[in-house]
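Going left to right, the sequence shown walks through residues 437 to 1438 as my numbering numbers them.
One structure is given here, and the rest of the page talks about it.
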Amino acid sequence: MTVPGRRSSTFTRLVRYGFADLTAAERLLGAEGLGAVGDDPVLLEALGATADPDLALRGLVRLLDVLPADGRRALVDTLVSAKPLRDRLLGVLGASEALGDHLTRHPGDWRALIAFEQNDLHPGTADFERALAEGAALGRERGLVPSDALRAAYRRCLLTIAARDVTGTIDIAETAAELADLATATLRAALAIAAGEHPDDAAVCRLAVIGMGKCGGQELNYVSDVDVIFVAEANGGAEEASALRAATRLASRMMRVCSDVTPEGTIWPVDANLRPEGRNGPLVRTLASHLAYYERWAKTWEFQALLKARPVAGDQELGRRYVEAVTPLVWQAAERENFVADVQQMRRTVIASIPVAHVERELKLGPGGLRDVEFAVQLLQLVHGRSDATLRAGGTLAALAALASGGYVGRADAAALDAAYRFLRTMEHRIQLHRLRRTHLMPEAADELRRLGRSLGFRTEPVAELGKEWRRHAREVRRLHEKLFYRPLLDAVAQLEPGEIRLSPKAAGQRLQALGYADPAAALRHLEALASGVTRKAAIQRTLLPVLLGWFADSADPDAGLLNFHKVSDALGKTPWYLRLLRDEGAAAENLARVLSAGRLAPDLLLRAPEAVALLGAEEGLRPRDRQALEQETLAAVGRAGDAEAAVVAVRGVRRRELFRTCAADIIGAYTTGNGERDFGARVDAVGQAVSDLNAAAIAGALRAAVRAQWGETLPTRFAVIGMGRFGGREQGYGSDADVLFVHEPREGVDEQEAAKAAFAVANEMRRLLQLPTTDPPLLIDADLRPEGKSGPLVRSLGSYAAYYRRWSLVWESQALLRAEPVAGNEELGRRFMELVDPLRYPAGGPGEDAVREIRRLKARMESERLPRGADPTTHTKLGRGGLSDVEWTVQLLQLRHGWEVPGLRTTRTRRALTAACAAGLIPADEARTLDEAWVLATSVRNAVMLVRGRAGDTFPGDPRELAAVGRYLGYEPGHVGDMLDDYRRVTRRARGVVEERFYGR
């Protein structure tokens, strides 16, 4: 029976040594196998120094339990007397449950940890080959088949590496190198087993195994796929086809030896998917076949993978020839046509490959993780290694050191990344070592976090200290990831740090070109102008530019982004708030970079009034203002102006600012992926509403200015502006004209002729004012949809409209009036005009068959006559197959036929009318979706073309960079404009099928 006071004292002592399960620890320390040693302070001190004292003690007792009596005594005596063994054995048992299991199965392997000679501290491949051979021979003596004997021998060698690792005898780089050397020795042994089982195959071929990935770079994890490529040639006059089949059998057997799971466990999977054509390609190729593929078909990522290629097993001479042959191709990769697009795609693929649930726990793929460092280092190697052979290292840390020595990465940045990478790799190793399972996720259980923290030296508050240090290093990696590319570019032009090796102009140009800059020399001039000097302004620019350059590079036109930023900075550089906004407001700098590099329209609007940058600093700054607020501001500005032209300058200034706000929100939204789904319909609706509202406010302002200039506050006639077409439908794009009708009604006591003269003068003055040549974009007023078209009077009285529509109205005019809506002027007159035209656009019983035939005839004629010569009918957004005209005429025919009986169809908006027609059963849901998708896509393309080119267009741009920018707006990754065009044709082809049936009745 334990005395209570004594037990309390024992528990206190166990807590001090780091035990968590005090009852179990007390019981195990009294186990028969330990004897009197269980109370020895030396043993307790050693257990307390491990990552998990409870796990170490359990593992030790399990080991003693399976040892024979003489072996048990030998182990206990050595534990007490030999500190190296004590630290190594208990260190491994406290860090790895899996290696504890191995020792239980092979208890004699604890003796592998006794040796402490200098040669044992840093074994190489040859040492591991000998150890594996000895261990395999011992396993065969115990009755194990060769492959199982190899697995047991592998674990024995792994035990020695883990022991040196957890005791600090070797650092993370040395551990990773030893693991790669052990993998090399294991592959050789596995290939020997395969050759022994298939001697005839081995005789007719020469097979070389090329190590790739972390194995090739000699920076392997404890548990990782070992990436390889196989290359073979015929031997002894054998036919090539027969030799390749034999080599394939040998390679397949070698892979199974390593990856099969047996009672002895498994070694690791051998992954040959980095070979040409991946899983779809042959497992083994000749050297000539490899070269033919790499020269014609390989993608950039395949050359990036070849950075780490080295011969590891099989025919060394053939392996050497393979590496010598592919090396020149690796260093030419940065000169390939699609290098930049491939690099950008690789970066996005890495980000997209992370499961959402794992983002916060990912050590490898997460933000600030290992992949960030490895990708950045490898990209810099590809860019600069073609002209600097010192950078051609296989390992990440060695390559990073070489980049720093050559001035391609700042020394301080390289040191910070080195420290972060070592810490993250050590975390990864310790996590994998516990159960020898492949994982890159931070554990969630408190006991696992505690063990991990203690294994890294955090003993006071291991969980809290571990989390804090991990977050610090991840933040540092995130901070430096982009800076790693761009900071040296600034150093090259601004001489920032005394004594720092500068990037040469040639190397800086290479890097900019690799990142997508078409004119590196001009880009360097911009950087020099922005970042040179000792002023506070230059200092802030040097802080901003490394990140901004990355955002520019993510766009379709980085050169334009940098040029526009230079212009905006020149215009606003002396204002105290501009650089402070970009530096301190998290979203402002990124938003500005996106806007400046997305095309011509938004930068042109911004450069006319650069102070609009302030809108980019907060989310509410990008939210469109409603029509009432815009009209109030516009009319107030007109009231303050001295004359009509000054008033309209203010009106157009408001319109320009609001147009920029809408463009900026739209562009920034194109870069916001959210959950990966973009609602293009909502974006099109938002743009259409915003542009229509700001144009209506501008027209209201111009109307007030025109009236005040000649008549003061009251015009002799009531006057209203009716929006038509996309304006009336609130579906305008950035390049849309304002289609309108002008209607007036003489005031009481005013002569009709005088009223008509005043109305005509006001309408013309409005059009003149809104089209005056100024720095602001004009608003073109188009009144051609009026009765009699261009031949008819510009303005009519309400009575004249009534008389015309009663006697002369044509069916196309009824169709055009479907989109009529008052936008400015006298509200009562606008309402009465709508009452006048409602019977025309929603005729009771619908239009007659003659009218329907006329509508179809007009549409067919328009298709044959109005499509521009040379235009591709499959991609013309307005008049092409399944384009805007097709969808809108189909919807409008439904409105004409059924608007009198379906209230939901009485709307000026295409998408709302289509939804109402579907709800009323007038069109099947799948056909409605098809038409809606085509209309939204065509409208999006038109908006994109205007944003990119700065001028309206109904076709995709011919310039490749402009076409890529349109694709970026539509959500297509670089290099996928062909997919964009294919998708457009597919969507509109399906829509045309619906139009043929629903509009033409075919």
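Glycine is no exception: its CB is placed at the ideal position from the N, C-alpha and C atoms.
Reducing DSSP to helix, strand and coil, say where residue i ends up.
i	result
Thr-1153	strand
Ile-606	coil
Asp-457	coil
His-726	helix
His-1180	strand
Ile-1104	helix
Ser-841	helix
Ser-678	helix
Asp-1218	strand
Arg-887	helix
Thr-1311	coil
Among the options, which residue has its Cα nearest to the Cα of residue i?
i	options	result
Trp-1336	Ala-492, Ala-682 and Leu-1276	Leu-1276
Gly-560	Arg-692, Ser-517, Thr-622 and Pro-504	Thr-622
Val-766	Arg-715, Arg-911, His-820 and Val-1247	His-820
Arg-1232	Ala-1280, Lys-1193, Val-1259 and His-1180	His-1180
Ser-725	Asp-607, Arg-689 and Phe-666	Phe-666
Pro-1213	Leu-872, Arg-1036 and Ala-708	Arg-1036
Leu-1130	Arg-1144, Leu-1151, Val-1090 and Thr-1150	Val-1090
Thr-1343	Arg-1162, Ala-959 and Leu-951	Arg-1162
Val-697	Ala-588, Leu-1320 and Ala-683	Ala-588
Ala-682	Glu-633, Arg-1422 and Gly-717	Glu-633
Arg-547	Glu-570, Leu-521, Ala-567 and Gly-527	Leu-521
Leu-980	Leu-916, Asp-955 and Leu-816	Leu-916
Ala-1238	Gly-1394, Leu-877, Arg-873 and Glu-1271	Glu-1271
Gly-1394	Leu-1315, Thr-1311 and Thr-1351	Thr-1311
Lys-973	Thr-862, Ser-940 and Tyr-1014	Tyr-1014
Measure the alpha-carbon distance for residue i versus residue j and round it to whole angstroms.
i	j	result
Gly-1112	Arg-1255	With a pLDDT of 42 at Gly-1112, under the threshold of 50, the predicted position of this residue should be treated as unreliable, though the coordinate-derived value follows. About 35 Å.
Pro-879	Glu-905	15 Å
Ala-485	Ala-910	27 Å
Leu-1071	Gly-1078	13 Å
Asp-995	Leu-1216	32 Å
Ala-598	Ala-1050	57 Å
Glu-1432	Ser-1236	38 Å
Gly-1137	Thr-1313	32 Å
His-1002	Ala-838	33 Å
Pro-1209	Ala-1118	34 Å
Ala-1029	Gln-1125	26 Å
Glu-1081	Leu-920	52 Å
Val-535	Pro-1410	Position check: residue 535 holds Leu in this sequence, whereas Val was assumed. Spanning the two alpha carbons is a distance of roughly 47 Å.
Thr-875	Gln-868	6 Å
Tyr-1240	Arg-1203	24 Å
Glu-753	Leu-985	45 Å
Gly-1009	Phe-988	20 Å
Leu-1221	Gln-1331	19 Å
Asp-1218	Leu-1177	9 Å
Is the Cβ-Cβ distance between residue i and residue j less than 9 Å?
i	j	result
Leu-853	Leu-836	yes
Val-693	Ile-629	yes
Ala-1034	Asp-993	yes
Leu-827	Tyr-844	yes
Ala-1199	Ala-1141	no
Ala-572	Ala-625	yes
Lys-650	Leu-656	yes
Ala-966	Gly-945	Sequence check: residue 966 is Leu here, not Ala. No, they are not a contact pair.
Leu-450	Leu-458	yes
Gly-842	Asp-824	yes
The ligand ATP heavy atoms versus the CB of residue i: any closer than 8 Å?
i	result
Leu-1373	With respect to the ligand ATP, the structure shown offers nothing to examine, as it has no ligands at all.
Three-pair Cβ contact test at 8 Å for the region 1266 to 1273 versus the region 1298 to 1310: The region 1266 to 1273 makes no contact with the region 1298 to 1310, as fewer than three CB pairs between them are under 8 Å.
Touching or not, the region 1166 to 1173 and the region 1371 to 1391, by the rule of three or more beta carbon pairs under 8 Å? The answer is yes - the region 1371 to 1391 touches the region 1166 to 1173, with three or more Cβ pairs under 8 Å.
So does the region 1399 to 1413 actually touch the region 1358 to 1366, counting three or more Cβ pairs closer than 8 Å? No: fewer than three Cβ pairs fall under 8 Å.
Specify whether the region 540 to 547 and the region 604 to 619 touch according to this definition: at least 3 beta carbon pairs, one from each stretch, less than 8 Å apart. Result no; under three Cβ-Cβ pairs closer than 8 Å.
Can at least three beta-carbon pairs, one atom from the region 661 to 678 and one from the region 510 to 528, be found at a separation below 8 Å? No: fewer than three Cβ pairs fall under 8 Å.
Should the region 1091 to 1100 be called in touch with the region 1281 to 1300, which here means at least 3 C-beta pairs below 8 Å? Not touching, per the Cβ criterion.
Inter-stretch contact at 8 Å, needing at least 3 Cβ pairs: the region 1057 to 1066 / the region 1012 to 1021: Between the region 1057 to 1066 and the region 1012 to 1021 there are fewer than three C-beta pairs closer than 8 Å, too few to call the two in contact.
Is the region 709 to 717 in contact with the region 592 to 609, if contact means three or more CB pairs nearer than 8 Å? Flag = no, the region 709 to 717 and the region 592 to 609 do not touch.
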